[in-house]
Amino acid sequence: MKKLVEIKQYLRLEKFPHLWCAGCGHGIILQSFLRAVLDLGIEQDKLVVASGIGCSSRAVGYLNFDSLHTAHGRAIPFATGIKMAKPELTLVALVGDGDIAAIGGNHFIHACRRNIDITVVVFNNYNYGMTGGQNSPTTRADDYTATTPYGNIERPFDLCTLAQAAGATYIARSTTYHALALPKLIADGISHHGFSLIEVITGCPTYYGKLNKMDNGVKMLEWQRDHAVNLKQYQTLSEQEKERKFVIGLLHCAEKPEYTDEYLKLIQKAQA
Amino acid sequence: MLVANAEKRVRFIQGNEACAEAALAAGVRFYAGYPITPSSEIAEILSVRLPKVNGTFMQMEDEIASMSAILGASLVGVKTMTATSGPGFSLMQELIGFACLCEIPCVIVNVQRGGPSTGLPTSPAQSDAMQSRWGTHGDHPIIVLCPSSVKETYDLTVQAINLAESLRNPVILLSDEIVAHMYEKIELPELKDLKLLERPKPQKDFAGKYLPYATHRPTEVPRIANFGEGFHFNVTGLIHDVDGFPTNNPEKTDLLLRRLHKKIDSRAREICFTESENLEDASAILCSYGATARSAARAAKEARKKGMKVGLLKLKTLWPFADFIFEELGQHIKTIIVCEMNLGQILREVERVAKGRFKVIGVNTSRGTLITPQEILKKIEEVS
Chain A
6 MKKLVEIKQY
16 LRLEKFPHLW
26 CAGCGHGIIL
36 QSFLRAVLDL
46 GIEQDKLVVA
56 SGIGCSSRAV
66 GYLNFDSLHT
76 AHGRAIPFAT
86 GIKMAKPELT
96 LVALVGDGDI
106 AAIGGNHFIH
116 ACRRNIDITV
126 VVFNNYNYGM
136 TGGQNSPTTR
146 ADDYTATTPY
156 GNIERPFDLC
166 TLAQAAGATY
176 IARSTTYHAL
186 ALPKLIADGI
196 SHHGFSLIEV
206 ITGCPTYYGK
216 LNKMDNGVKM
226 LEWQRDHAVN
236 LKQYQTLSEQ
246 EKERKFVIGL
256 LHCAEKPEYT
266 DEYLKLIQKA
276 QA
Chain B
16 MLVANAEKRV
26 RFIQGNEACA
36 EAALAAGVRF
46 YAGYPITPSS
56 EIAEILSVRL
66 PKVNGTFMQM
76 EDEIASMSAI
86 LGASLVGVKT
96 MTATSGPGFS
106 LMQELIGFAC
116 LCEIPCVIVN
126 VQRGGPSTGL
136 PTSPAQSDAM
146 QSRWGTHGDH
156 PIIVLCPSSV
166 KETYDLTVQA
176 INLAESLRNP
186 VILLSDEIVA
196 HMYEKIELPE
206 LKDLKLLERP
216 KPQKDFAGKY
226 LPYATHRPTE
236 VPRIANFGEG
246 FHFNVTGLIH
256 DVDGFPTNNP
266 EKTDLLLRRL
276 HKKIDSRARE
286 ICFTESENLE
296 DASAILCSYG
306 ATARSAARAA
316 KEARKKGMKV
326 GLLKLKTLWP
336 FADFIFEELG
346 QHIKTIIVCE
356 MNLGQILREV
366 ERVAKGRFKV
376 IGVNTSRGTL
386 ITPQEILKKI
396 EEVS
């Protein structure tokens, strides 16, 4: 692994301090992403970062690449346009759970289906932090948020299972507690030729944590430590135990036709 | 599928086909869209033709994704277009505002059908005249061109692409079901005869200190770099400073929004395309646009035959509104009759610019059929 200090070249240091709260996990994900970029040695000019709206999506403003802060939920279709117009660029979307699972849910499943070579890193903090901590499609059942004052009666999306069913070919999950494992999972997702999803469970002590008995960043990290299990451990659990745990690590990796490759073949067919 | 005789210069084609041909000729190489009547022929033709010129055609999951994709593609320097109709146009509105604020060139074709809601999918209307101006939230500048024939569809599509690129602004081509599906003979111009405008580009050696929204004069169009060429610039839908990064400074916000408007308003005389006939001695003029302008032209001709002094003013640019044309009309004109397939959208705009100098009345229908020349003639007779 290269020296961490080298990730400075990828930061717009003049834009700091960042706007994230004390105890927020988003900085850990940003650092892990940059370690992945550093380890892969991606040319800085050829990497484009796109985001949606929310706390997570402000990440792109701190990054010294071509950066695109789109509308709520639209990072993936903007990235699709860029990738199709210039397939040699590496596209990474840094998005939140509201972005990807609610308002941009349709774009998410269709990008999975196309298996277009875009890497999506989801900052999943189980709520809408930017707007004051309302419930999102990943908020866990029975939990409290600004708009579920009596507990959440909805079941959350499992983004990884959803992505696999929709056709994504690289799927991994980690947490900000498992920060040391995260750069490699992201790097492998970027290297993978096809649609990659890396879901990262991250803490929002300001809103989600405060309403669910975890009012600081350490408590949120401890919660992640206590609820994340690897696949082997998960398989030994009872059905009841499984309900409150989640699996981390590489969950799915497959080779399927990639969309920009298929489009190139279509062009050759059209011109034959 | 309407892709026959692609080599011939003289063609008998419909408006939607002319739009697709013009887009290809003017260099559009990226189209993303979602099927909707009565615009679908544009997508179908481009799905055949774009891959032949190494261009991209993508059918997206909805109109929001379509707008997102063309804006992404435009940021790497490609000329882009999408086409839709009323319901899809409504879905595109948020990102039309994004394109206005971020100054991303793109062309949106709205082939108008009857509304509101699902409305009359296969019938004509002109009831998106105001939505095309004010559909997205916030103060924003917009250009809207409105063809009334197959030939005009071709010419205004080229103009739309030129204006979008040279002014870094979204441009809406506001067609309608009649113009889109009507067949007429046109001669396609030779490619070498087309005057094409490109977006202003920064010098390569600006890399590192490139300011994507900086101008020397308030009316200047800032230079737009391509993603992927080392400029490392930021694009955000938040109000931004000249460096492209968010600001909520009141003075900078005011400066940006006024500059965006000046960019378009200061060029109104270049952008506002109109055609007029027999205004010199007219006591009444018919003001119309799109398919309805055809009925108005016929009605004006019939009225002249009957000895009535009637002129015709056809608007080919709806927005920015051609205020100066109305301000410069002679005092011999007493009445302006605005003919449009809606319940009075451009009518109110003409009332505004008339400032009481002329009597302004409307011929308005919203029933999904063309206004006939007879209906207009009847109104002329009523007021003369």
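Same order as they appear, the protein sequences are chains A and B.
Numbering-wise, the first sequence is residues 6 to 277 according to our numbering.
Numbering-wise, the second sequence is residues 16 to 399 according to our numbering.
We put the beta carbon where it would ideally sit given N, CA and C, even for glycine.
In this text the structure is predicted, and so the values were computed from the model without any measurement.
First and last residue of the alpha helix (DSSP H) that includes Thr307(B)? Mapped onto the second sequence, residue 307(B) falls at position 292. From DSSP, the alpha helix (DSSP H) with Thr307(B) extends over 307-320.
Using a Cβ-Cβ cutoff of less than 8 Å, which residues in the same chain neighbour Glu292(B) once the five nearest sequence positions on both sides are dropped? If you number the second sequence from 1, residue 292(B) lands on position 277. Here the set comprises Ala312, Ala315, Gly326, Leu327.
CA-to-CA distance, Val159(B) to Arg214(B), given in whole angstroms: Locating residue 214(B) in the second sequence gives position 199, where the first residue counts as 1. Locating residue 159(B) in the second sequence gives position 144, where the first residue counts as 1. Straight across, the Cα-Cα distance linking Arg214(B) with Val159(B) is about 19 Å.
Name, please, each residue of chain B whose Cβ falls closer than 8 Å to the Cβ of Ser72(A). Translated into positions along the first sequence, residue 72(A) becomes position 67. Result: His247, Phe248, Asn249, Val250.
For Leu65(B), the first and last residue of its enclosing alpha helix (DSSP H): Here residue 65(B) refers to the residue found at position 50 when the second sequence is read from its first residue. Careful: Leu65(B) lies outside any alpha helix (DSSP H) and carries neither H nor E.
Name the two residues that bound the continuous alpha helix (DSSP H) containing Ser281(B). Start at 1 with the first residue of the second sequence, and residue 281(B) comes out as number 266. Looking at the DSSP string, Ser281(B) is not in any alpha helix (DSSP H), and its letter there is neither H nor E.
Measuring straight from C-alpha to C-alpha, what distance separates Gln84(A) and Arg319(B)? Here residue 84(A) refers to the residue found at position 79 of the first sequence. Here residue 319(B) refers to the residue found at position 304 of the second sequence. The sequence as given places Ala at residue 84(A); Gln does not occur at that position. Distance between the alpha carbons of Ala84(A) and Arg319(B): 57 Å.
Partner residues on chain A for Asp45(B), Cβ-Cβ distance less than 8 Å: Position 30 of the second sequence, counting from 1, holds the residue named residue 45(B). Per the sequence presented here, residue 45(B) reads as Phe, with Asp not at that position. Gly86, Met89, Ala90, listed in chain order.
Do you know offhand how far Glu59(B)'s Cα is from Arg160(A)'s? Numbered from 1 along the second sequence, position 44 holds the residue referred to as residue 59(B). Numbered from 1 along the first sequence, position 155 holds the residue referred to as residue 160(A). It is roughly 41 Å from the alpha-carbon of Glu59(B) to the alpha-carbon of Arg160(A).
Just verifying my parser: in three-state terms, what is the DSSP assignment at Pro156(B)? For the purposes of this step, residue 156(B) is taken as the residue at position 141 of the second sequence. Collapsing the DSSP output to three states places Pro156(B) in coil.
Leaving out five residues on either side along the sequence, give the residues of the same chain with a beta carbon under 6 Å from the beta carbon of Cys287(B). Locating residue 287(B) in the second sequence gives position 272, counting from the first residue. Cβ neighbours of Cys287(B) beyond the five flanking positions: Thr332, Ala337.
Kindly indicate which residue of Val194(B), Arg232(B), Asn264(B), Lys267(B) has the alpha-carbon position closest to the one of Leu171(B). As a first step, residue 171(B) must be located in the second sequence, where it is residue number 156. Between Leu171(B) and the set Val194(B), Arg232(B), Asn264(B), Lys267(B), the nearest pair of CA atoms involves Val194(B).
Is the Cβ of Phe83(A) closer than 9 Å to any Cβ of chain B? As a working mapping, residue 83(A) is identified with position 78 in the first sequence. Interface residue, yes.
With a threshold of 9 Å between beta-carbons, can Glu109(B) be considered close to chain A, or not? Counting from one through the second sequence, the residue named residue 109(B) turns up at place 94. Closer than 9 Å: yes.
Looking at Val125(A): is its Cβ nearer than 9 Å to the Cβ of Ile58(A)? Sequence index remark: in the first sequence, residue 125(A) carries index 120 (1-based). Sequence index remark: in the first sequence, residue 58(A) carries index 53 (1-based). Taking a C-beta distance under 9 Å as the contact criterion, Val125(A) and Ile58(A) do not qualify as a contact pair.
From this set, Asn129(A), Thr150(A), Phe38(A), Leu190(A), which residue's C-alpha is nearest Leu255(A)'s C-alpha? Translated into the one-based positions of the first sequence, residue 255(A) becomes position 250. With distances taken between Cα atoms, Leu255(A) lies closest to Leu190(A).
Secondary structure at Glu199(B), three-state DSSP: helix, strand or coil? For the purposes of this step, residue 199(B) is identified with residue 184 of the second sequence, where counting begins at 1. DSSP places Glu199(B) in strand when its eight states are reduced to three.
Curious, which full-length beta strand (DSSP E) runs of at least 3 residues does the stretch 49-121 of chain A contain? Entirely contained in the stretch 49-121 of chain A, the beta strand (DSSP E) runs reaching 3 residues are, in chain order, 52-56, 71-74, 95-101.
Gln108(B) lies in the alpha helix (DSSP H); which residues open and close that run? As a first step, residue 108(B) is located in the second sequence; it is residue number 93 there, counting from the start. For Gln108(B), the enclosing alpha helix (DSSP H) has its first and last residue at 101-117.
Use the C-beta contact count for Leu206(B): other C-beta atoms within 10 angstroms, 16 or more gives buried, fewer gives exposed. As a first step, residue 206(B) must be located in the second sequence, where it is residue number 191. It counts as exposed.
Can you tell me the Cα-Cα spacing of Gly259(B) and Gly66(A), whole angstroms? Indexing the second sequence from 1 puts residue 259(B) at position 244. Indexing the first sequence from 1 puts residue 66(A) at position 61. Between the C-alpha atoms of Gly259(B) and Gly66(A) there is a straight-line separation of about 10 Å.
Could you name each continuous alpha helix (DSSP H) segment of 4 residues or more that falls completely within the stretch 70-104 of chain B, going from the start of the chain to the end? Counting only runs of 4 or more residues that sit fully inside the stretch 70-104 of chain B, the alpha helix (DSSP H) segments are 78-90, in chain order.
Specify the secondary structure class of Gly214(A) as computed by DSSP and reduced to three states. As a first step, residue 214(A) is located in the first sequence; it is residue number 209 there, counting from the start. DSSP places Gly214(A) in helix when its eight states are reduced to three.
Quick one: what does DSSP say Ile254(B) is sitting in, helix, strand or coil? For the purposes of this step, residue 254(B) is identified with residue 239 of the second sequence, where counting begins at 1. Ile254(B): coil per DSSP, three-state reduction.
Three Cβ pairs or more, each shorter than 8 Å: is that satisfied between the stretch 38-51 of chain B and the stretch 43-60 of chain A? The answer is no - the stretch 43-60 of chain A does not touch the stretch 38-51 of chain B, with fewer than three Cβ pairs under 8 Å.
Proximal residues to His152(B) (C-beta, below 7 Å), its chain only, five neighbours per side dropped: To locate residue 152(B), count along the second sequence from 1; it is residue 137. Here the set comprises Gly112.
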